[in-house]
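If you want it as structure tokens, here you go:
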């Protein structure tokens, strides 16, 4: 699948952003990735609300091989082949996939960054540091 094919495929869905990813492309809308186009096929984002729809079509989740095992990614399911010929229904499935991706994004907790501790020199580490007033020489006014 090439970039132009994917743009045409999702035309009824609306504008999509297509970026190189792994051995294919990541497909997103409104800044949210909702599909993967890989050598193995086209996969849409799924969750507990949409997985039964994929199962009813006989689709399978995305899988890949490592040296030691087969890894199954249950959050992406293969697009049923019949939808390649029905752009209106594919757009409905794509909207459901985008909604699943948005729900997943809401469930992720934002990473909390801790403020860095101020660095203390080794000399000051053992002593209490106090602020001193600058010395004023006789006859001169202090600087402001």
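Residue numbers (the UniProt record's numbering): 1 to 144.
Built from N, CA and C at the ideal position, the CB exists for glycine as well.
| Alpha carbon to alpha carbon, how far is residue 146 from residue 85? | Look at the range of the chain in this structure, 1 to 144, and you will see that residue 146 is not part of it.
| Length at least 4, wholly inside the UniProt domain "TfoX N-terminal" (8–101): the alpha helix (DSSP H) runs in chain order | 51–56
| Is the stretch 9–18 touching the stretch 57–77 in the sense that three or more CB pairs, one from each, lie closer than 8 Å? | Not touching, per the Cβ criterion.
| message | Within a Cβ cutoff of 6 Å, which residues of the same chain sit near residue 27, ignoring the five residues on either side of it in sequence? | response | As a working note, residue 27 is residue 27 in the chain shown. 16, 18, 35, listed in sequence order.
| request: Measure the beta-carbon distance from residue 76 to residue 45 and round it to whole angstroms, keeping in mind my assumption that it falls under 8 Å. | output: What you label residue 76 is simply residue 76 of the chain shown in a count that begins at 1. What you label residue 45 is simply residue 45 of the chain shown in a count that begins at 1. Correct: roughly 6 Å between the Cβ atoms.
| task | Give the straight-line distance between the Cα atoms of residue 80 and residue 93, rounded to the nearest whole angstrom. | result | Here residue 80 corresponds to residue number 80 of the chain shown, with the count starting at 1. Here residue 93 corresponds to residue number 93 of the chain shown, with the count starting at 1. Between residue 80 and residue 93, the C-alpha separation is close to 10 Å.
| request: Note down, in chain order, each residue of its chain lying with its Cβ closer than 6 Å to the Cβ of residue 29, except the 5 sequence neighbours on either side. | output: The count along the chain shown starts at 1 and reaches residue 29 at position 29. Around residue 29, the same chain offers 16, 98 as residues with beta carbons nearer than 6 Å, after the five sequence neighbours per side are excluded.
| Under three-state DSSP, which class holds residue 2? | For this step, residue 2 is matched to residue 2 along the chain shown. In the structure shown, residue 2 sits in coil (DSSP, three-state: anything other than H, G, I, E or B).
| When we look at the beta-carbon of residue 100 and count the other beta-carbons within 10 Å, is it buried (16 or more) or exposed? | The residue given as residue 100 occupies position 100 in the chain shown. Residue 100 should be labelled buried.
| query | Just checking my contact of residue 37 with residue 25 at CB under 8 Å: how many whole Å lie between their CB atoms? | reply | On the chain shown, residue 37 is found 37 positions in, with the first residue counted as 1. On the chain shown, residue 25 is found 25 positions in, with the first residue counted as 1. Their Cβ separation, rounded to whole angstroms, is 4 Å, which keeps residue 37 and residue 25 in contact under 8 Å.
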